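Scroll down for the structure; my scribbles are underneath it.
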Amino acid sequence: MLSKELEKSKLEVEAKHEAHMQAMLRLERSQKMTYEMSTLMKKCDTHKNKYIKECMEARARIHELESRAQMELPEEKSNEEQHITISLKEYKSLVEEAKKENSEVGSHLEIALLKKELEDATMKIVELKGECEEALNRVKLVEKEKMALEEKLKRQREHRHRKRAALAALREVSTPQHFGASTSYGTPKVCQPLGKVLNIKSL
Numbered sequence: 001m002l003s004k005e006l007e008k009s010k011l012e013v014e015a016k017h018e019a020h021m022q023a024m025l026r027l028e029r030s031q032k033m034t035y036e037m038s039t040l041m042k043k044c045d046t047h048k049n050k051y052i053k054e055c056m057e058a059r060a061r062i063h064e065l066e067s068r069a070q071m072e073l074p075e076e077k078s079n080e081e082q083h084i085t086i087s088l089k090e091y092k093s094l095v096e097e098a099k100k101e102n103s104e105v106g107s108h109l110e111i112a113l114l115k116k117e118l119e120d121a122t123m124k125i126v127e128l129k130g131e132c133e134e135a136l137n138r139v140k141l142v143e144k145e146k147m148a149l150e151e152k153l154k155r156q157r158e159h160r161h162r163k164r165a166a167l168a169a170l171r172e173v174s175t176p177q178h179f180g181a182s183t184s185y186g187t188p189k190v191c192q193p194l195g196k197v198l199n200i201k202s203l
């Protein structure tokens, strides 16, 4: 009966150890994913700041071009009508610069997408942190159960050892003593009480 309980306890310890290892692997994966998501979030922040800076510079250049165009365009009034003249070269230059600025302003869409990716990454990091905490709690629980089972096995081994020692002492006391000629008239042997010999602590 004791050996069956011991074997059962060993199997439980092995199962708890396996669960502990699985929990540690999950924790390691969660920590790795958290690090990757944190790196991605930093990268998104870098790109976002870069595009924001470019947009601000683009707006400033557009404003500068508009101001310069207004200053350079000659104004002529004739018959209460305003005629604006500009050279073909200046016109083409302004058109090209406007196209360039418009393409840079188009980075607003990329910034919006990066913000969305950043929000998703932040939510994912929060989820991963929750999984990490849950995995840590599982690891602590498994460790606690494992220690309890090991303590139980230790008590069972000690109990079995004491039981064997007590049985051996009982057999020694129960065996008839053969006295020789030289000891038949000696001092009688003092035997310990059986209760003291069988000093077994029940679990």
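Just so you know, we're using the UniProt record's numbering here: the sequence shown kicks off at 1 and counts up by one. Note that beta-carbon positions come from the ideal geometry of N, C-alpha and C, so glycine has one too. This structure is a prediction, so every number in the text was calculated from the model and none was measured.
Whole angstroms are fine: how far does the CA of residue 65 sit from the CA of residue 94? 8 Å
Measuring only the C-alpha atoms, how far is residue 5 from residue 164? 17 Å
Ignore the nearest five residues each way along the sequence and tell me which others in residue 44's own chain have a CB closer than 6 Å to its CB. 114, 117, 118
Comparing C-alpha positions only, which one of 127, 141, 148, 154 sits nearest to residue 35? 127
Check this for me: beta carbons of residue 236 and residue 132, under 9 Å apart or not? Nothing can be reported for residue 236: it is not among the residues displayed for the chain, which extend from 1 to 203.
Would residue 16 and residue 149 qualify as a contact pair, given that the criterion is a beta-carbon distance under 9 Å? yes
Do residue 20 and residue 139 have their CB atoms nearer than 9 Å? yes
Do residue 110 and residue 47 have their C-beta atoms within less than 9 Å of each other? yes
For residue 122 and residue 42, I'd like the C-alpha separation in whole angstroms. 11 Å
Please go through the region 29-69 and give each complete alpha helix (DSSP H) segment of 4 or more residues, from N-terminal end onward. none
Give the DSSP-derived three-state secondary structure of residue 78 in the structure shown. Interpretation of residue 78 is limited by its pLDDT of 45, a score under 50 that renders its predicted location unreliable; no figure is taken from the coordinates.
Have a look at residue 130 and residue 168 and give me their C-alpha separation to the nearest angstrom. 57 Å
Spatial neighbours of residue 52 within its chain, please: CB distance less than 7 Å, with the 5 preceding and 5 following residues excluded, ordered by chain position. 111
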